[in-house]
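Straight run, no breaks: the sequence shown in my numbering ends on number 213. These notes concern the structure reproduced below.
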Amino acid sequence: MDINKVFENNQNWIASKLEIDPHYFEDLSKGQNPDILYIGCSDSRVTAEDLMGVQPGEVFVHRNIANMVISIDLNVMSVLNYAVQNLGVNHVVVCGHYFCGGVKAAMKAADLGILNPWLRNIRDVYRIHRRELNAIIDENDKYNRLVELNVQEQCVNLIKTAAVQKAIKERDMKVHGWVFDIQTGKLIDLNIDFQAILKDIMEIYNLGDFHHSEVNN
Ligand SMILES: [Zn+2]
């Protein structure tokens, strides 16, 4: 790829936007009011806006390797808290994808340096669900199921945060677990039963009634 092509593409993109609406960028500069926070994988094939068919300004996006929500990752936690508390999004999505290199790498017996502690969180997902996963014989099926279970566990991690607990209580904010199927282009809602999960984990992770307290992680 010729890197200079990017600037040519940009000029064409500007022209195409202005053709439809001469005030497009003027309006865009006035502010953002996204209703969705999307947490997805950095994989170059899984472009957040494209696969959802949304425009600039509609979705707040965070991407990292294997769409992880890790409580001590200042990056994802900053994005989450800002989106939920300041932007007031009503939906938080964790979107994984089949054939995720990050998920596959996590299960390899290899020293991946700085990626070790990051990907170890996926091994933890495997450990929690190992009975189900060990019963799957086909290797691709096993990894793809791990992708789904990883999405589910990252959604659980979202629910462990004070910001999300507060927003669910106060404005019925929704948490969604999705998977993008690279082979078909389809976005699949895992229909995770969050009421059940919430009930199950709040006994342990409840961070308060939020009447007077400030929100922390
Ligand atoms: Zn991935």
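Using N, Cα and C, we set each Cβ at its ideal position, and we do this for glycine too.
For residue i, which three-state DSSP category applies?
i: Glu4; result: helix
i: Arg167; result: helix
i: Tyr122; result: helix
i: Ile132; result: coil
i: Asp23; result: helix
i: Val147; result: helix
i: Asn153; result: helix
i: Arg59; result: strand
i: Leu222; result: No statement about residue 222 is possible, as the shown extent of the chain runs from -3 to 213 and does not include it.
i: Ile32; result: strand
i: Gly49; result: coil
i: Val42; result: coil
i: Trp182; result: Residue 182 is actually Lys in this sequence, not Trp. Here Lys182 sits in strand by DSSP.
i: Gly84; result: coil
i: Asp(-2); result: coil
Whose C-beta lies closer than 6 angstroms to the C-beta of residue i among residues of the same chain, with five residues either side of it excluded?
i: Leu145; result: Val121 and His125
i: Gln161; result: Leu203
i: Asn77; result: Ala159
Kindly list the residues whose CB is nearer than 8 angstroms to the CB of residue i, restricted to its own chain and excluding five residues on each side of it in sequence; keep chain order.
i: Val85; result: Pro30, Asp31, Ile32, Leu33, Phe56, Ala79 and Met169
i: Asp46; result: none
i: Ala101; result: Leu108, Leu111 and Leu115
i: Val88; result: Ile32, Leu33, Ile35, Leu76, Ala79, Val80, Leu154, Val160, Met169, Lys170, Val171 and His172
Would you please state the rounded distance, in angstroms, between the beta carbons of residue i and residue j? I believe it to be under 8 angstroms.
i: Val152; j: Ile118; result: Not a contact, Cβ separation roughly 14 angstroms.
i: Ile184; j: Val175; result: 5 angstroms
i: Gly92; j: Arg59; result: Rounded, the Cβ-Cβ distance is 12 angstroms, inconsistent with contact.
i: Val171; j: Ile155; result: 6 angstroms
i: Val147; j: Val90; result: 5 angstroms
Is residue i near ligand 1, going by C-beta to nearest heavy atom under 7 angstroms?
i: Cys37; result: yes
i: Gly98; result: yes
i: Ala62; result: yes
i: His58; result: no
i: His87; result: no
i: His93; result: yes
For residue i, I'd like the list of residues in its chain whose CB is within less than 7 angstroms of its CB, leaving aside the five on either flank, ordered along the chain.
i: Tyr139; result: Val99 and Lys100
Note to self: Check whether the stretch 2 to 15 and the stretch 59 to 72 are in contact - that is, three or more C-beta pairs closer than 8 angstroms.
What the structure shows: no
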